[in-house]
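The numbering used here puts the sequence shown at residues 225 to 576.
The C-beta atom is built at its ideal place from N, Cα and C for all residues, glycine as well.
Below is one structure, written out as C-alpha coordinates; comments come after it.
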Amino acid sequence: MADLPTHTIVFEILTRLPAKDVGRSKSVCKQWYALLSTQDFVKIHCSRSVVSSNQRVLLIDDLTCSVCPIISNNNDYGPSSTVTFPFHHQNNDVSILSHLNGLLCVCFNHTYELLLWNPTTTAFKRLSTPDSHGFYINNLDAIGLYVDADDDYKVLHIKRRSGVLGVYVYSREVDSWRNIPFITRQEYLSPHFNWSAGTFCGGTLYFTVCECWIGGTNVVICFDVNSEQFKEISFPPVPSNGMVQGVLVNVKNVLHMFASTGMFEMTIDLWTLQGDYWIKVLSCPPIPPISLSLWCDITHYVTNGNWFVMTKLGKLFTIEMDMKPFECFYPVSWFRGFKGAVFVQTIVSPSI
(Lines of atoms letter the chains of each structure in order from A and count residues from 1; the text may use other names and numbers.)
(Lines give C-alpha, C1' and ligand atoms only; values in the text may rest on other atoms or scores of the structure.)
Protein backbone atom coordinates (compact mmCIF):
# COMPACT_ATOMS: atom_id res chain seq x y z
CA MET A 1 0.00 0.00 0.00
CA ALA A 2 2.88 2.36 0.68
CA ASP A 3 3.68 2.41 -3.03
CA LEU A 4 0.13 3.21 -4.16
CA PRO A 5 0.63 6.97 -4.78
CA THR A 6 3.20 6.20 -7.49
CA HIS A 7 1.56 3.10 -8.92
CA THR A 8 0.71 3.90 -12.53
CA ILE A 9 -2.14 1.42 -12.91
CA VAL A 10 -3.94 2.58 -9.76
CA PHE A 11 -3.43 6.22 -10.72
CA GLU A 12 -4.84 5.61 -14.20
CA ILE A 13 -7.91 3.86 -12.78
CA LEU A 14 -8.65 6.48 -10.14
CA THR A 15 -8.36 9.40 -12.57
CA ARG A 16 -11.20 7.85 -14.55
CA LEU A 17 -13.62 7.55 -11.65
CA PRO A 18 -16.68 9.84 -11.50
CA ALA A 19 -16.12 12.87 -9.28
CA LYS A 20 -18.39 11.67 -6.49
CA ASP A 21 -16.66 8.28 -6.41
CA VAL A 22 -13.31 10.03 -6.04
CA GLY A 23 -14.66 11.77 -2.96
CA ARG A 24 -15.74 8.46 -1.45
CA SER A 25 -12.42 6.82 -2.36
CA LYS A 26 -10.52 9.28 -0.20
CA SER A 27 -11.72 7.39 2.86
CA VAL A 28 -10.17 4.08 1.72
CA CYS A 29 -6.75 4.75 3.28
CA LYS A 30 -4.28 7.53 4.02
CA GLN A 31 -2.29 6.80 0.87
CA TRP A 32 -5.34 7.18 -1.36
CA TYR A 33 -6.40 10.34 0.43
CA ALA A 34 -2.95 11.85 -0.19
CA LEU A 35 -2.98 10.74 -3.84
CA LEU A 36 -6.46 12.02 -4.59
CA SER A 37 -5.66 15.39 -2.99
CA THR A 38 -2.63 16.22 -5.13
CA GLN A 39 -2.90 18.94 -7.76
CA ASP A 40 -1.51 16.58 -10.41
CA PHE A 41 -4.31 14.11 -9.75
CA VAL A 42 -6.98 16.83 -9.77
CA LYS A 43 -5.66 18.26 -13.05
CA ILE A 44 -5.57 14.91 -14.87
CA HIS A 45 -8.94 13.84 -13.45
CA CYS A 46 -10.47 17.13 -14.62
CA SER A 47 -9.06 16.72 -18.15
CA ARG A 48 -10.68 13.27 -18.35
CA SER A 49 -13.99 14.48 -16.96
CA VAL A 50 -14.78 16.88 -19.78
CA VAL A 51 -17.08 14.43 -21.57
CA SER A 52 -20.81 14.59 -22.17
CA SER A 53 -21.61 11.84 -19.64
CA ASN A 54 -20.17 13.98 -16.84
CA GLN A 55 -22.08 17.13 -17.70
CA ARG A 56 -25.15 18.26 -15.81
CA VAL A 57 -27.69 21.06 -16.04
CA LEU A 58 -28.12 23.13 -12.88
CA LEU A 59 -31.33 25.15 -12.48
CA ILE A 60 -31.84 27.45 -9.50
CA ASP A 61 -35.08 27.62 -7.55
CA ASP A 62 -35.96 29.87 -4.61
CA LEU A 63 -34.32 27.86 -1.81
CA THR A 64 -32.52 25.04 -3.58
CA CYS A 65 -31.36 24.05 -7.02
CA SER A 66 -31.97 20.98 -9.14
CA VAL A 67 -29.30 19.10 -11.04
CA CYS A 68 -30.28 17.06 -14.10
CA PRO A 69 -28.30 14.75 -16.37
CA ILE A 70 -28.60 15.25 -20.11
CA ILE A 71 -29.88 12.16 -21.90
CA SER A 72 -27.81 11.84 -25.05
CA ASN A 73 -30.20 9.70 -27.09
CA ASN A 74 -33.09 12.20 -26.96
CA ASN A 75 -31.19 15.34 -25.88
CA ASP A 76 -33.50 16.07 -22.98
CA TYR A 77 -33.20 16.18 -19.19
CA GLY A 78 -33.06 13.05 -17.06
CA PRO A 79 -34.47 12.74 -13.51
CA SER A 80 -33.41 15.67 -11.35
CA SER A 81 -31.85 15.61 -7.91
CA THR A 82 -32.03 18.44 -5.40
CA VAL A 83 -28.84 20.10 -4.21
CA THR A 84 -29.08 22.27 -1.12
CA PHE A 85 -26.92 25.36 -1.22
CA PRO A 86 -24.03 24.97 1.26
CA PHE A 87 -24.08 28.70 2.00
CA HIS A 88 -26.70 30.93 3.58
CA HIS A 89 -28.72 33.01 1.14
CA GLN A 90 -32.09 34.66 0.69
CA ASN A 91 -34.90 33.46 -1.57
CA ASN A 92 -34.17 33.62 -5.30
CA ASP A 93 -30.87 35.28 -4.49
CA VAL A 94 -28.14 33.32 -6.31
CA SER A 95 -27.03 34.20 -9.86
CA ILE A 96 -24.56 32.15 -11.92
CA LEU A 97 -22.01 34.40 -13.63
CA SER A 98 -19.32 32.12 -15.04
CA HIS A 99 -18.24 28.48 -15.09
CA LEU A 100 -15.08 26.50 -15.79
CA ASN A 101 -14.00 22.91 -15.08
CA GLY A 102 -16.76 22.25 -12.57
CA LEU A 103 -16.42 25.57 -10.73
CA LEU A 104 -19.18 28.16 -10.81
CA CYS A 105 -18.66 31.83 -10.01
CA VAL A 106 -21.90 32.98 -8.38
CA CYS A 107 -23.22 36.18 -6.87
CA PHE A 108 -25.64 37.00 -4.05
CA ASN A 109 -28.09 39.51 -5.50
CA HIS A 110 -28.87 41.28 -2.22
CA THR A 111 -25.29 41.64 -0.88
CA TYR A 112 -23.43 41.56 -4.26
CA GLU A 113 -20.88 39.09 -2.83
CA LEU A 114 -18.97 36.78 -5.17
CA LEU A 115 -18.29 33.10 -4.47
CA LEU A 116 -16.59 30.17 -6.16
CA TRP A 117 -18.64 27.00 -5.78
CA ASN A 118 -18.28 23.39 -6.89
CA PRO A 119 -21.84 21.99 -6.85
CA THR A 120 -20.53 18.41 -7.14
CA THR A 121 -18.33 18.48 -4.02
CA THR A 122 -20.41 21.32 -2.39
CA ALA A 123 -17.15 23.15 -1.51
CA PHE A 124 -17.27 26.94 -1.84
CA LYS A 125 -15.07 29.99 -1.25
CA ARG A 126 -16.20 33.56 -0.56
CA LEU A 127 -14.29 36.10 -2.64
CA SER A 128 -15.53 39.35 -1.07
CA THR A 129 -13.16 41.23 1.22
CA PRO A 130 -13.50 44.08 3.75
CA ASP A 131 -11.71 46.45 1.34
CA SER A 132 -14.59 46.18 -1.18
CA HIS A 133 -13.10 43.58 -3.52
CA GLY A 134 -15.29 40.77 -4.78
CA PHE A 135 -18.61 42.63 -4.98
CA TYR A 136 -20.53 42.37 -8.25
CA ILE A 137 -23.23 44.70 -9.62
CA ASN A 138 -25.41 43.30 -12.38
CA ASN A 139 -25.51 45.23 -15.70
CA LEU A 140 -22.36 47.15 -14.74
CA ASP A 141 -19.71 44.50 -14.04
CA ALA A 142 -18.29 41.56 -15.99
CA ILE A 143 -16.74 38.34 -14.69
CA GLY A 144 -14.44 35.79 -16.31
CA LEU A 145 -13.10 32.56 -14.81
CA TYR A 146 -9.84 31.11 -16.18
CA VAL A 147 -6.70 29.02 -15.54
CA ASP A 148 -3.25 30.46 -16.21
CA ALA A 149 -0.06 28.69 -17.34
CA ASP A 150 0.78 27.85 -13.71
CA ASP A 151 -2.56 26.06 -13.27
CA ASP A 152 -3.82 28.79 -10.95
CA TYR A 153 -7.57 29.34 -11.14
CA LYS A 154 -8.34 33.05 -11.32
CA VAL A 155 -11.30 35.42 -11.57
CA LEU A 156 -11.16 38.57 -13.69
CA HIS A 157 -13.56 41.23 -12.39
CA ILE A 158 -14.24 44.29 -14.55
CA LYS A 159 -16.00 46.97 -12.49
CA ARG A 160 -17.74 50.09 -13.82
CA ARG A 161 -18.54 52.63 -11.13
CA SER A 162 -19.67 56.20 -11.94
CA GLY A 163 -17.64 56.42 -15.12
CA VAL A 164 -14.55 54.81 -13.59
CA LEU A 165 -13.35 51.41 -14.73
CA GLY A 166 -11.34 49.12 -12.46
CA VAL A 167 -9.99 45.69 -13.35
CA TYR A 168 -9.09 43.19 -10.63
CA VAL A 169 -7.76 39.64 -10.61
CA TYR A 170 -8.42 37.11 -7.86
CA SER A 171 -5.90 34.27 -7.49
CA ARG A 172 -6.94 30.99 -5.88
CA GLU A 173 -3.27 30.25 -5.18
CA VAL A 174 -2.61 33.35 -3.05
CA ASP A 175 -6.24 33.99 -2.04
CA SER A 176 -6.19 37.71 -2.75
CA TRP A 177 -7.22 40.40 -5.25
CA ARG A 178 -4.95 42.81 -7.12
CA ASN A 179 -5.53 45.62 -9.57
CA ILE A 180 -4.26 45.47 -13.17
CA PRO A 181 -4.24 48.24 -15.81
CA PHE A 182 -6.80 48.36 -18.59
CA ILE A 183 -6.67 51.02 -21.28
CA THR A 184 -9.84 51.05 -23.36
CA ARG A 185 -12.16 53.48 -25.06
CA GLN A 186 -13.95 55.82 -22.71
CA GLU A 187 -17.39 55.08 -24.17
CA TYR A 188 -17.20 51.44 -23.02
CA LEU A 189 -17.51 52.72 -19.45
CA SER A 190 -21.06 53.83 -20.20
CA PRO A 191 -23.93 51.68 -18.85
CA HIS A 192 -25.30 51.79 -22.42
CA PHE A 193 -22.78 49.04 -23.22
CA ASN A 194 -23.58 45.50 -22.16
CA TRP A 195 -20.55 43.34 -21.26
CA SER A 196 -20.95 39.58 -21.47
CA ALA A 197 -19.36 37.13 -19.07
CA GLY A 198 -15.88 36.07 -20.15
CA THR A 199 -15.41 32.92 -22.24
CA PHE A 200 -12.05 31.19 -21.73
CA CYS A 201 -10.46 29.76 -24.87
CA GLY A 202 -6.84 29.11 -25.84
CA GLY A 203 -5.27 31.14 -23.02
CA THR A 204 -7.53 34.16 -23.62
CA LEU A 205 -10.71 35.47 -22.02
CA TYR A 206 -13.15 36.96 -24.53
CA PHE A 207 -15.96 39.43 -23.77
CA THR A 208 -18.59 40.76 -26.12
CA VAL A 209 -19.31 44.47 -25.60
CA CYS A 210 -22.56 45.55 -27.27
CA GLU A 211 -24.25 48.92 -27.24
CA CYS A 212 -27.85 48.64 -26.07
CA TRP A 213 -29.66 50.15 -29.04
CA ILE A 214 -30.20 49.52 -32.74
CA GLY A 215 -27.17 50.36 -34.86
CA GLY A 216 -24.88 50.66 -31.84
CA THR A 217 -21.21 49.71 -31.56
CA ASN A 218 -20.31 46.04 -31.01
CA VAL A 219 -16.78 44.78 -30.30
CA VAL A 220 -14.95 41.88 -28.66
CA ILE A 221 -12.46 42.55 -25.85
CA CYS A 222 -9.66 39.97 -25.44
CA PHE A 223 -7.62 39.38 -22.27
CA ASP A 224 -4.43 37.31 -22.53
CA VAL A 225 -4.43 35.51 -19.18
CA ASN A 226 -0.65 35.04 -19.01
CA SER A 227 0.60 38.47 -20.18
CA GLU A 228 -2.50 40.16 -18.64
CA GLN A 229 -2.77 42.42 -21.68
CA PHE A 230 -6.03 43.55 -23.29
CA LYS A 231 -6.84 44.16 -26.92
CA GLU A 232 -9.92 44.85 -29.02
CA ILE A 233 -11.01 42.92 -32.11
CA SER A 234 -13.94 43.47 -34.41
CA PHE A 235 -17.38 41.91 -34.09
CA PRO A 236 -18.59 39.64 -36.92
CA PRO A 237 -20.11 41.72 -39.75
CA VAL A 238 -23.76 41.09 -38.86
CA PRO A 239 -26.71 43.31 -39.90
CA SER A 240 -27.33 46.23 -37.56
CA ASN A 241 -31.04 46.76 -38.33
CA GLY A 242 -32.07 45.21 -35.01
CA MET A 243 -30.75 44.33 -31.57
CA VAL A 244 -27.41 42.48 -31.70
CA GLN A 245 -26.28 39.81 -29.26
CA GLY A 246 -23.09 37.73 -29.38
CA VAL A 247 -22.90 34.41 -27.52
CA LEU A 248 -19.37 33.00 -27.25
CA VAL A 249 -18.70 29.26 -27.02
CA ASN A 250 -15.42 27.36 -26.67
CA VAL A 251 -15.51 24.33 -28.98
CA LYS A 252 -12.39 22.16 -28.76
CA ASN A 253 -10.35 25.21 -27.82
CA VAL A 254 -11.58 27.16 -30.84
CA LEU A 255 -13.76 30.22 -30.22
CA HIS A 256 -17.19 30.32 -31.85
CA MET A 257 -19.88 32.99 -31.69
CA PHE A 258 -23.62 32.73 -32.16
CA ALA A 259 -24.31 36.25 -33.43
CA SER A 260 -28.01 37.05 -33.26
CA THR A 261 -29.82 40.03 -34.77
CA GLY A 262 -33.44 41.06 -34.96
CA MET A 263 -36.31 42.43 -32.93
CA PHE A 264 -39.28 40.13 -32.29
CA GLU A 265 -37.68 37.20 -34.08
CA MET A 266 -33.94 36.59 -33.88
CA THR A 267 -31.79 35.31 -36.76
CA ILE A 268 -28.66 33.40 -35.77
CA ASP A 269 -25.33 33.12 -37.62
CA LEU A 270 -22.49 30.92 -36.36
CA TRP A 271 -18.96 32.32 -36.69
CA THR A 272 -15.53 30.96 -35.77
CA LEU A 273 -12.48 33.05 -34.86
CA GLN A 274 -9.34 32.54 -36.94
CA GLY A 275 -6.57 34.81 -35.72
CA ASP A 276 -8.34 38.12 -35.17
CA TYR A 277 -10.95 37.59 -37.90
CA TRP A 278 -14.36 35.93 -37.94
CA ILE A 279 -15.27 33.30 -40.50
CA LYS A 280 -18.97 32.55 -41.06
CA VAL A 281 -19.82 28.88 -40.60
CA LEU A 282 -23.58 28.73 -41.09
CA SER A 283 -26.90 30.54 -40.74
CA CYS A 284 -29.79 29.24 -38.66
CA PRO A 285 -33.50 29.86 -39.25
CA PRO A 286 -35.22 32.57 -37.17
CA ILE A 287 -35.89 31.70 -33.53
CA PRO A 288 -39.61 31.81 -32.61
CA PRO A 289 -40.66 34.74 -30.40
CA ILE A 290 -40.13 34.09 -26.68
CA SER A 291 -41.27 36.34 -23.85
CA LEU A 292 -38.53 38.10 -21.92
CA SER A 293 -39.92 36.69 -18.65
CA LEU A 294 -39.38 33.15 -19.93
CA TRP A 295 -35.78 33.86 -20.89
CA CYS A 296 -34.94 34.38 -17.21
CA ASP A 297 -35.33 30.66 -16.52
CA ILE A 298 -33.73 29.32 -19.69
CA THR A 299 -30.41 27.60 -20.18
CA HIS A 300 -29.00 26.38 -23.49
CA TYR A 301 -26.69 23.71 -24.74
CA VAL A 302 -25.31 22.64 -28.08
CA THR A 303 -24.56 19.06 -29.09
CA ASN A 304 -24.58 16.72 -32.08
CA GLY A 305 -25.28 19.56 -34.48
CA ASN A 306 -28.26 21.00 -32.60
CA TRP A 307 -28.82 23.97 -30.31
CA PHE A 308 -31.34 23.20 -27.58
CA VAL A 309 -33.19 25.90 -25.67
CA MET A 310 -34.32 24.48 -22.33
CA THR A 311 -36.59 25.48 -19.45
CA LYS A 312 -37.06 23.79 -16.09
CA LEU A 313 -39.85 21.73 -17.65
CA GLY A 314 -37.71 20.43 -20.51
CA LYS A 315 -36.87 21.28 -24.09
CA LEU A 316 -38.47 24.43 -25.51
CA PHE A 317 -37.27 24.15 -29.10
CA THR A 318 -34.35 22.91 -31.20
CA ILE A 319 -32.26 24.62 -33.86
CA GLU A 320 -30.76 22.13 -36.28
CA MET A 321 -27.19 23.08 -37.18
CA ASP A 322 -25.60 19.95 -38.71
CA MET A 323 -22.20 20.76 -37.21
CA LYS A 324 -19.94 17.78 -36.48
CA PRO A 325 -17.58 19.69 -34.12
CA PHE A 326 -20.45 19.92 -31.62
CA GLU A 327 -20.50 16.28 -30.57
CA CYS A 328 -20.13 17.25 -26.88
CA PHE A 329 -22.34 19.52 -24.80
CA TYR A 330 -21.33 23.18 -24.77
CA PRO A 331 -23.17 25.59 -22.48
CA VAL A 332 -24.34 28.98 -23.64
CA SER A 333 -26.12 31.76 -21.78
CA TRP A 334 -28.27 34.23 -23.68
CA PHE A 335 -29.99 37.47 -22.66
CA ARG A 336 -27.97 37.27 -19.41
CA GLY A 337 -30.11 34.42 -18.08
CA PHE A 338 -28.37 33.70 -14.79
CA LYS A 339 -30.68 30.97 -13.51
CA GLY A 340 -29.17 28.05 -15.38
CA ALA A 341 -25.78 26.56 -16.16
CA VAL A 342 -24.31 23.50 -17.82
CA PHE A 343 -21.32 22.28 -15.82
CA VAL A 344 -18.92 19.35 -15.68
CA GLN A 345 -18.75 17.18 -12.56
CA THR A 346 -15.18 17.50 -11.28
CA ILE A 347 -13.27 17.56 -7.98
CA VAL A 348 -11.63 20.95 -8.68
CA SER A 349 -11.61 22.89 -5.41
CA PRO A 350 -12.53 26.58 -5.10
CA SER A 351 -9.68 27.01 -2.61
CA ILE A 352 -6.18 25.60 -1.97
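{"Item": "Rounded straight-line distance, which links the Cα of residue 233 to that of residue 260", "Value": "14 Å"}
{"Item": "N- and C-terminal bounds of the beta strand (DSSP E) containing residue 419", "Value": "417–419"}
{"Item": "Collapsed DSSP secondary structure at residue 365 in the structure displayed", "Value": "coil"}
{"Item": "Residue 344, buried or exposed, once every other Cβ within 10 Å from all chains shown has been counted against 16", "Value": "buried"}
{"Item": "Whole-angstrom distance between residue 374 and residue 264, CA atom to CA atom", "Value": "12 Å"}
{"Item": "Buried or exposed by the 16-neighbour rule on C-beta atoms within 10 Å, applied to residue 550", "Value": "Because residue 550 carries a pLDDT of 49, less than 50, the predicted location of this residue cannot be relied on, and no value is offered for it."}
{"Item": "Beta-carbon contacts of residue 311 that lie in its chain and below 7 Å, excluding the five residues immediately before and after", "Value": "339 and 348"}
{"Item": "Nearest-angstrom Cα separation, counted from residue 274 out to residue 346", "Value": "19 Å"}
{"Item": "Buried or exposed (CB count within 10 angstroms, at least 16 for buried), residue 432", "Value": "buried"}
{"Item": "Buried versus exposed call for residue 520 [16 or more other C-beta atoms within 10 Å across all chains shown]", "Value": "With a pLDDT of only 48 at residue 520, under the threshold of 50, the placement of this residue in the model should not be trusted, and no figure is reported."}
{"Item": "Cβ-based burial, residue 368 [other Cβ within 10 Å; buried from 16]", "Value": "buried"}
{"Item": "Chain-order list of residues whose beta-carbon lies under 7 Å from that of residue 254 (same chain, five-residue window excluded)", "Value": "none"}
{"Item": "Reduced DSSP category for residue 305 - H, G, I as helix; E, B as strand; rest coil", "Value": "strand"}
{"Item": "Residue from 271, 267 and 304 whose Cα sits closest to the Cα of residue 280", "Value": "304"}
{"Item": "Where residue 502 sits in the DSSP three-state scheme", "Value": "strand"}
{"Item": "Proximity below 9 Å, CB of residue 449 to CB of residue 372", "Value": "yes"}
{"Item": "Residues that residue 293 bridges to, as DSSP identifies them", "Value": "280"}
{"Item": "Start-to-end residues for the beta strand (DSSP E) that takes in residue 455", "Value": "453–458"}
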